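J.: If you scroll down you'll find the structure; I have some questions about it.
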Amino acid sequence: MLTRDQELWGMALWVDKHHGDAGGEFIASKIDQLYQAGEQDGARLWQNVARRYEQLVERRTYS
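Quick note on numbering: the sequence shown equals residues 24 to 86 in this note's numbering.
Printed below as a string of structure tokens:
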């Protein structure tokens with residue numbers, strides 16, 4: 024069974040694989056849609072994904 028952290032990293036990797044450099048925009052749009060729909064928990068989930076996605080981008084940039 025995956026931990027919550029592993030799930031979040033998996034989501035960040037999925038975004039990177041499917042959206043590449045536009046991943047940040049995809050995540051921001053997702054967060055905005057969820058907040059507008061009143062889904063604060065979902066928006067917070069994607070904020071956590073965003074933090075991990077940013078780390079992936081930083082690692083790629085400095086590698």
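Positions of the beta carbon are idealized from the N, C-alpha and C atoms, including for glycine.
All figures in this text were calculated on a predicted structure; none of them were measured in a lab.
Taking the continuous alpha helix (DSSP H) assigned at T26, which residues delimit it?
T.: Residue 26 sits at position 3 when you count from the first residue of the sequence shown. First-last for T26: undefined, no H or E at that position.
J.: Since Y76 and G46 are thought to touch, with beta carbons under 8 Å apart, how far apart are those beta carbons, to the nearest angstrom?
T.: To locate residue 76, count along the sequence shown from 1; it is residue 53. To locate residue 46, count along the sequence shown from 1; it is residue 23. Indeed, because the Cβ distance is near 6 Å, the residues count as touching under 8 Å.
J.: I need the boundaries of the alpha helix (DSSP H) containing G61, first residue and last residue.
T.: Numbered from its first residue, the sequence shown carries residue 61 at position 38. Unbroken run through G61: none, as it is neither H nor E.
J.: With C-beta atoms as the reference, is V38 less than 8 Å away from I54?
T.: What you label residue 38 is simply residue 15 of the sequence shown in a count that begins at 1. What you label residue 54 is simply residue 31 of the sequence shown in a count that begins at 1. Cβ distance not < 8 Å, so V38 and I54 don't count as in contact.
J.: So, N71 versus L31, is the Cβ gap smaller than 8 Å?
T.: Residue mapping note: residue 71 aligns to position 48 of the sequence shown, counting from 1. Residue mapping note: residue 31 aligns to position 8 of the sequence shown, counting from 1. Yes, the Cβ-Cβ distance between N71 and L31 is below 8 Å.
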